[in-house]
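Numbering (the working numbering), first residue to last: 47 to 172.
Every residue, glycine too, gets a C-beta built ideally from N, C-alpha and C.
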């Protein structure tokens, strides 16, 4: 991992939230990143130590961070990260769009009609 993070201009985190990945992005791993790296976390909030992230964003070590997950929830809106212009966050709703709502609604309607006809649903959980 050290080789990858030391050479990457953009790091996008896609790992499960496990005891081993909690705090994976911390002061130590950030110090091994290229100066000016962009960091994205849409995987799991506790993977990134937010206090260490704050220092890296403030110093410019990390140019910007985009996320829709947070180390602690509910989110502490008084955390200093929220005062930074290079910290971009949204609620954990990346899949929400008009297009996705339309597709989801149509798929749901098809499944309801199929079930009313006595057919098995397309995606069953057994």
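- Do residue 132 and residue 110 come within 7 Å of each other at the CB atom, strictly closer than that value? It is a contact, given that the beta carbons lie within the stated cut-off.
- Cβ-based neighbour list, residue 82, same chain, cut-off 6 Å, excluding 5 preceding and 5 following: 109
- Query: Among 107, 105, 118, which residue has its Cα nearest to the Cα of residue 94?
  - Reply: 118
- Message: Between 100, 107, 106, which has its C-alpha nearest residue 116's C-alpha?
- Response: Of the residues 100, 107, 106, the one whose Cα lies closest to the Cα of residue 116 is 100.
- Query: Along the chain, which unbroken stretches of the alpha helix (DSSP H) at least 4 residues long are found entirely within the stretch 104–136?
  - Reply: none
- Message: Within a Cβ cutoff of 7 Å, which residues of the same chain sit near residue 51, ignoring the five residues on either side of it in sequence?
- Response: 57, 75, 78, 79
- Message: Quick test of your reading: residue 61 and residue 89, contact by CB under 8 Å. State the CB separation rounded to the nearest angstrom.
- Response: Indeed, because the Cβ distance is near 6 Å, the residues count as touching under 8 Å.
- List the whole-angstrom C-beta distance separating residue 122 from residue 135, where the pair is believed to meet the contact cut-off of C-beta under 8 Å. About 12 Å; that fails the 8 Å criterion.
- Query: Per DSSP, which one or two residues make a beta bridge with residue 84?
  - Reply: 56, 110
- Decide if residue 65 is buried, meaning its Cβ has at least 16 other Cβ atoms within 10 Å, or exposed. exposed
- Task: Give the DSSP-derived three-state secondary structure of residue 158 in the structure shown.
- Result: helix
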